[in-house]
Amino acid sequence: MSPEARRRRVTLAFALLLAATAVAVVAFMTLGARGNWSFVLPFRGVKLAGLVIVAVAIAISTVMFQTITNNRILTPAIMGFDALYALIQTVLVFTLGAIRVSAMDPRVIFAVETGLMLVFAGLLYRWLFSATVRSLHLLLLVGIVFGVFFRSISGFLQRIIDPSEFLILQDRMFASFNGIDQSLLLIATVIVLACGAAVWRMLPVLDVLALGRDHAIALGVDHQRAVSVTLVLVTLLVAVSTALVGPVAFFGLLVANLAYLLLPTARHAVLLPAAALVAMIFLIAGQTILERVFAFDTALSVVIEFIGGVVFILLVIRGAAR
Amino acid sequence: MTFDPRASLLPAIAVLLMLAVASLFFGVSDVSLSALWSEGADGRTAQILLVSRLPRTLALVLAGAGMAVAGLVMQMLVRNRFVEPSTVGTMEAASFGMLLIALFAPDLPVIGKMLVASLFALAGTALFLQLLRAVPLRSIVMVPLIGILLSGVIGAVTTFFAYRYDLLQSLNAWTTGDFSIVLRGRYELLWISGVMVLATYFVADRLTVAGLGKDFATNLGVNHRRVVALGLVIVSLVSAAVLVSVGVIPFLGLIVPNVVSLVAGDNVRRTLPLVALLGAGLVLACDIVGRIVIYPYELPIGATMGVIGSACFLYLLLRSRARVA
Numbered sequence: 001m002s003p004e005a006r007r008r009r010v011t012l013a014f015a016l017l018l019a020a021t022a023v024a025v026v027a028f029m030t031l032g033a034r035g036n037w038s039f040v041l042p043f044r045g046v047k048l049a050g051l052v053i054v055a056v057a058i059a060i061s062t063v064m065f066q067t068i069t070n071n072r073i074l075t076p077a078i079m080g081f082d083a084l085y086a087l088i089q090t091v092l093v094f095t096l097g098a099i100r101v102s103a104m105d106p107r108v109i110f111a112v113e114t115g116l117m118l119v120f121a122g123l124l125y126r127w128l129f130s131a132t133v134r135s136l137h138l139l140l141l142v143g144i145v146f147g148v149f150f151r152s153i154s155g156f157l158q159r160i161i162d163p164s165e166f167l168i169l170q171d172r173m174f175a176s177f178n179g180i181d182q183s184l185l186l187i188a189t190v191i192v193l194a195c196g197a198a199v200w201r202m203l204p205v206l207d208v209l210a211l212g213r214d215h216a217i218a219l220g221v222d223h224q225r226a227v228s229v230t231l232v233l234v235t236l237l238v239a240v241s242t243a244l245v246g247p248v249a250f251f252g253l254l255v256a257n258l259a260y261l262l263l264p265t266a267r268h269a270v271l272l273p274a275a276a277l278v279a280m281i282f283l284i285a286g287q288t289i290l291e292r293v294f295a296f297d298t299a300l301s302v303v304i305e306f307i308g309g310v311v312f313i314l315l316v317i318r319g320a321a322r
Numbered sequence: 001m002t003f004d005p006r007a008s009l010l011p012a013i014a015v016l017l018m019l020a021v022a023s024l025f026f027g028v029s030d031v032s033l034s035a036l037w038s039e040g041a042d043g044r045t046a047q048i049l050l051v052s053r054l055p056r057t058l059a060l061v062l063a064g065a066g067m068a069v070a071g072l073v074m075q076m077l078v079r080n081r082f083v084e085p086s087t088v089g090t091m092e093a094a095s096f097g098m099l100l101i102a103l104f105a106p107d108l109p110v111i112g113k114m115l116v117a118s119l120f121a122l123a124g125t126a127l128f129l130q131l132l133r134a135v136p137l138r139s140i141v142m143v144p145l146i147g148i149l150l151s152g153v154i155g156a157v158t159t160f161f162a163y164r165y166d167l168l169q170s171l172n173a174w175t176t177g178d179f180s181i182v183l184r185g186r187y188e189l190l191w192i193s194g195v196m197v198l199a200t201y202f203v204a205d206r207l208t209v210a211g212l213g214k215d216f217a218t219n220l221g222v223n224h225r226r227v228v229a230l231g232l233v234i235v236s237l238v239s240a241a242v243l244v245s246v247g248v249i250p251f252l253g254l255i256v257p258n259v260v261s262l263v264a265g266d267n268v269r270r271t272l273p274l275v276a277l278l279g280a281g282l283v284l285a286c287d288i289v290g291r292i293v294i295y296p297y298e299l300p301i302g303a304t305m306g307v308i309g310s311a312c313f314l315y316l317l318l319r320s321r322a323r324v325a
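These protein sequence lines are chains A and B, in that order.
Using the working numbering, you'd call the opening residue of the first sequence number 1 and step up by one each time.
Using the working numbering, you'd call the opening residue of the second sequence number 1 and step up by one each time.
Right, here's the structure in full:
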């Protein structure tokens, strides 16, 4: 592909993504409204805001994470980030007791959990990524094992916890897209916007980081510092999305890789918004299908995993056939 | 690194035997040699030993060795280190088969269930390989990526129907590995897994060659297609037997072969015994711990396996990395 054709292709794909997002938003807001606009619009508006925030948080955190780790299969979810968040929540309930935790302001808990997560993730992953040996093989294995480790400790604590306390905990951890915590929505929006601004300023640095550690250093980027800042941003975004809707497994992997497939570019100024748009399309269209076609009779993750997986596999095969 | 896996076989066997003996004599009901001696062959102690403990120990060994070997075979066939039956759609397809049985033929005898589950496992794995063939440009990360997403798709279909027909809880019960339900008469299918491990040993050299690539294997006179088909059958039968008898034991098939390959290389005939022993030993150890921690209750294998297994392997992995560095 010539640079010209490539640029046209990127522009076209981006425009199509924008259009698809607009269609999804309109469909979500208007389908089946039955004229009751004064109720429907604010009600669905809040839900839509939640979906958009989550989509942006997951997409940006995944793409940035893949940039600093220099590969396209590691995601915060696979490396155990949201498992770590769930573990912190479990430990909090386990040590303080569910009553005390649920009596506290959710924003305070969110702040405490995010703070703890920043400390742990910062220490753990900085140590992991700054090591001299950067074998993908080991990194992926260690990441999966860390994920299993965190999940199992949470699972273990959840088994020996008092059943009634477990119910409260379960409620907190498996929040669905239908019941987004509204008291957290505002603070989540603020955090995502702030992270977005920070990412915006980092865009050129991210482009250079994507070339790999040695090239980045040769080009004058303070690699260690840039990676640390990126990890902090990723951690914040993962905390936001996990607090709002719970762990999302492979969703980040899916949207990031779809964005790479659809847009043949390495510029983060294009990739990050594109990945966010893909995530929005999936979440909003998935939620619409869930509400209108299946009448809530299934889970959003089921719809997303099915459609997303099929789309991804088709794209890979089509890309190979050409 | 020069490391002869045969040298570590004897200690591994010794540890496995010790674990097996511990598994026989540890549990809620007291089983001791003196009671066994005084009560004789028809006593209560002997009954517990024969009906519960022995089947459970055998099931642990067979399932552990089977899953670890299935992971190894899968990794040789696909020539990628990051695949195992539960990340390429095999387990999900088998669960889907189980769900269909529960919907349409709930009275099927257990061997029939196992056969249907094996067929679905076979179909799911074959679909994965077919997809891979459609993607000639395989990068090392693309293979597990496709596998993960394919198993996501199959899992989504299964969850969808399970949700519709209120079988989600049963689905969860099948898919979480648990050995506390194992009694005499309920585990015998797992011998199939043991037979498959032996069969793998006999075709080990062909698997090693197949792991070098299709062209290379053909050049050396190996019928690549037949070896792949054989490997598929092994993986499907082991997965289905383990799923039907005890449920999914995740993570074993991925980690055990990887750790063994890190220290002992890729010659299947040499590494296979070690993989099988390590798999069996790990499952045994985790199950014993699961019986101790909240005694007299039990933790399912998934919980203990996750904590102990992952802690051990983190240590191993990071230690070996430090040495390389």
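Virtual Cβ for every residue (Gly too), placed ideally from N, Cα, C.
Item	Value
Alpha-carbon to alpha-carbon, ILE181 of chain B and LEU189 of chain B	14 Å
Nearest-angstrom beta carbon gap, LEU232 of chain B and VAL256 of chain B [assumed within contact, 8 Å]	Rounded, the Cβ-Cβ distance is 20 Å, inconsistent with contact.
Cβ shell of PRO264 of chain A (< 8 Å), same chain only, five flanking positions each side left out	MET1, ARG6, ARG9, VAL10
Under 8 Å by beta carbon: chain B residues contacting GLY155 of chain A	GLY302, ALA303, GLY306
Touch test, the stretch 211 to 228 of chain B against the stretch 44 to 57 of chain B, Cβ-Cβ under 8 Å, three pairs minimum	no
Reduced DSSP secondary structure (H/G/I, E/B, other) of GLY194 of chain B	helix
Coil, strand or helix - MET104 of chain A by DSSP	coil
LEU116 of chain A beta carbon near the ligand NAD (any heavy atom closer than 7 Å)	Questions concerning the ligand NAD fall outside what the structure shown contains, since it holds no ligand whatsoever.
Closer than 8 Å to chain B by CB, GLY309 of chain A	yes
Closer than 8 Å to chain B by CB, LEU315 of chain A	no
Min CB distance THR159 of chain B to chain A below 8 Å	yes
Beta-carbon contacts of ARG267 of chain A that lie in its chain and below 7 Å, excluding the five residues immediately before and after	ASP207
CB contact flag (GLY147 of chain B, PHE120 of chain B, <8 Å)	no
Where PRO11 of chain B falls: helix, strand or coil (DSSP)	helix
Alpha-carbon to alpha-carbon, SER310 of chain B and VAL293 of chain A	41 Å
C-beta contact flag for VAL259 of chain B and VAL73 of chain B at 8 Å	no
Inter-residue spacing [alpha-carbon to alpha-carbon] between VAL268 of chain B and ALA276 of chain B	11 Å
Other residues of its chain near ALA279 of chain A: CB distance less than 6 Å, five sequence neighbours each side excluded	ALA55, ILE58, ALA59, VAL255
8 Å Cβ cutoff, VAL256 of chain B in contact with chain A	no
C-alpha gap between MET91 of chain B and ALA123 of chain B, whole angstroms	11 Å
Nearest residue (CA-CA) to ALA59 of chain B, options B:VAL244, B:VAL307, B:ALA94	B:VAL244
Endpoints, the alpha helix (DSSP H) within which VAL323 of chain A is located	Outside the displayed span of chain A (1 to 322) sits residue 323 of chain A, for which this structure offers no information.
For PRO106 of chain B and VAL227 of chain B, the rounded distance between their alpha carbons	35 Å
Residue closest to TYR295 of chain B, alpha-carbon to alpha-carbon, out of B:THR304, B:GLY27, B:MET67, B:LEU145	B:GLY27
Proximity winner among B:ALA93, B:LEU9, B:SER95, B:ALA70, relative to LEU84 of chain B (alpha-carbon distances)	With the sequence shown as reference, residue 84 of chain B is identified as Glu, and Leu is not the correct amino acid for it. Of the candidates B:ALA93, B:LEU9, B:SER95, B:ALA70, the one whose C-alpha sits nearest the C-alpha of GLU84 of chain B is B:ALA70.
8 Å CB neighbourhood of THR271 of chain B in its chain, flanking five on each side removed	PRO5, LEU72, PRO257, VAL260, SER261, ALA264, GLY265
Secondary structure of SER164 of chain A, DSSP reduced to three states	helix
Among A:ILE168, A:ALA198, A:LEU169, A:LEU41, the one whose alpha carbon lies nearest that of ALA269 of chain A	A:ALA198
Length at least 4, wholly inside the stretch 19 to 60 of chain B: the alpha helix (DSSP H) runs in chain order	33 to 39, 44 to 48
Length-filtered (4 minimum) alpha helix (DSSP H) runs lying within the stretch 54 to 100 of chain B	54 to 78
PHE39 of chain A burial status per 10 Å Cβ neighbour count (16 or more: buried)	exposed
Chain-ordered neighbours of ARG159 of chain A on chain B, where CB pairs are closer than 7 Å	LEU299, ALA303
Proximity of ALA77 of chain A and VAL311 of chain A at Cβ, strictly below 8 Å	no
Between the CA atoms of LEU253 of chain A and ALA15 of chain A - distance to the nearest angstrom	22 Å
Run of the alpha helix (DSSP H) containing SER151 of chain B, from where it starts to where it stops	142 to 164
Contact list for ILE294 of chain B against chain A, beta-carbon separation under 7 Å	ILE160
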